[in-house]
Amino acid sequence: METSDVVVQPYNSLLTLKRLTLNADCVVVLDNTALNRIAVERLNLTNPTFKETNSLVSTVMSASTTTLRYPGYMNNDLVGLLASLIPTPRCHFLMTGYTPLTVERQVNVIRKTTVLDVMRRLLQTKNIMVSSYARTKEVSQAKYISILNIIQGEVDPTQVHESLQRIRERKLVNFIEWGPASIQLPCLENLLMFKLLIGLAD
Numbered sequence: 000m001e002t003s004d005v006v007v008q009p010y011n012s013l014l015t016l017k018r019l020t021l022n023a024d025c026v027v028v029l030d031n032t033a034l035n036r037i038a039v040e041r042l043n044l045t046n047p048t049f050k051e052t053n054s055l056v057s058t059v060m061s062a063s064t065t066t067l068r069y070p071g072y073m074n075n076d077l078v079g080l081l082a083s084l085i086p087t088p089r090c091h092f093l094m095t096g097y098t099p100l101t102v103e104r105q106v107n108v109i110r111k112t113t114v115l116d117v118m119r120r121l122l123q124t125k126n127i128m129v130s131s132y133a134r135t136k137e138v139s140q141a142k143y144i145s146i147l148n149i150i151q152g153e154v155d156p157t158q159v160h161e162s163l164q165r166i167r168e169r170k171l172v173n174f175i176e177w178g179p180a181s182i183q184l185p186c187l188e189n190l191l192m193f194k195l196l197i198g199l200a201d
């Protein structure tokens, strides 16, 4: 909220929180400060416009529902998608990350990468679209309830399995103690490039 031009924005956020907690089944948290930080630091935009910020939001939201538009063997409906991320009704605030980040003029410079590299980049604070997470001094302090990475592009299933195994062996992600450590990776092979979404954190 540091970049807000509207004086009442912090109040709007706080007054809305109770209704979002009690009445919504799922809330995707995106804040203006994080979006502006990503636009400046990651996309190299000196003064991001509303169009560029909205493009970033629409890209992330579109990527988060690709399994609904291109159904596969898992997460092919909204209930299944949310059930894997939300263990209890009150823990329904989702945090997003996205990589590779591009704007229209940078689309041609995307390089091919490995699943492990993409998963590692998703855990970096510079790709997370929530400010409080970005302020965490160490990523190791963050605890996840569950993670959902939606991978688009041609991916070898053995590479996905090896990446999951390496992440668990190296303990790159900390999960809550009171629940199972859940990392899900639906792959959509009919699309051209990697675009990923990361799930829920505490």
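The sequence shown begins at 0 in numbering that gives the first Met the number 0 and counts up by one. Built from N, CA and C at the ideal position, the CB exists for glycine as well.
Rounded C-beta distance between residue i and residue j? I'm assuming under 8 Å.
| i | j | result |
| --- | --- | --- |
| Thr66 | Leu80 | 6 Å |
| Thr32 | Ser130 | 4 Å |
| Leu93 | Cys25 | 6 Å |
| Val172 | Tyr143 | 6 Å |
| Pro179 | Ile149 | Not really, about 20 Å apart at Cβ, beyond 8 Å. |
| Thr20 | Arg68 | About 29 Å separates the two Cβ atoms, so there is no contact after all. |
| Leu163 | Ser83 | At roughly 15 Å, the Cβ-Cβ gap does not stay under 8 Å, so Leu163 and Ser83 are not in contact. |
Looking at C-alpha atoms only, which residue of the options is the closest neighbour of residue i?
| i | options | result |
| --- | --- | --- |
| Pro156 | Gln183, Pro179, Ala141 | Gln183 |
| Leu115 | Val154, Met60, Leu55, Thr15 | Val154 |
| Asn53 | Glu168, Met128, Arg167, Leu171 | Met128 |
| Ser63 | Ser12, Thr45, Val28 | Val28 |
| Gln210 | Ala141, Thr113, Thr112 | Only positions 0 to 201 of the chain appear in the structure, and residue 210 is not among them; the question remains open. |
| Thr58 | Leu34, Ser83, Leu13 | Leu34 |
| Ile175 | Pro70, Asn11, Arg41, Pro86 | Pro86 |
| Thr113 | Lys17, Asn22, Asp76, Gly152 | Gly152 |
| His91 | Arg41, Arg18, Thr45, Phe49 | Arg18 |
| Arg169 | Arg119, Val159, Leu42, Gln158 | Arg119 |
When DSSP labels each residue in this structure, what does residue i get in the three-state scheme?
| i | result |
| --- | --- |
| Gln164 | helix |
| Gln151 | strand |
| Leu80 | helix |
| Val7 | coil |
| Leu42 | coil |
| Ile37 | helix |
| Leu19 | helix |
| Ser12 | helix |
| Ala141 | coil |
| Leu67 | helix |
| Leu115 | helix |
| Leu187 | strand |
| Asp201 | Residue confidence for Asp201 is low, a pLDDT of 40 falling below 50, so the modelled location carries little weight; the figure read from the coordinates is stated next. DSSP places Asp201 in coil when its eight states are reduced to three. |
On the criterion of 16 or more Cβ atoms from any shown chain inside 10 Å, does residue i qualify as buried, or is it exposed?
| i | result |
| --- | --- |
| Thr98 | buried |
| Ser61 | exposed |
| Val78 | exposed |
| Val7 | exposed |
| Pro261 | With the chain represented from 0 up to 201, any question about residue 261 goes unanswered, as that position is not in the structure. |
| Ser145 | buried |
| Ala38 | buried |
| Arg36 | buried |
| Asp30 | buried |
| Leu13 | exposed |
| Asn126 | buried |
From which residue to which residue does the beta strand (DSSP E) around residue i run?
| i | result |
| --- | --- |
| Gln183 | 181-183 |
| Met94 | 92-94 |
By the DSSP assignment, the alpha helix (DSSP H) with residue i in it spans what residues?
| i | result |
| --- | --- |
| Met28 | First, the amino acid is wrong: residue 28 is Val here, not Met. Note, Val28: premise wrong, no alpha helix (DSSP H); beta strand (DSSP E) at 26-28. |
| Asn53 | 49-63 |
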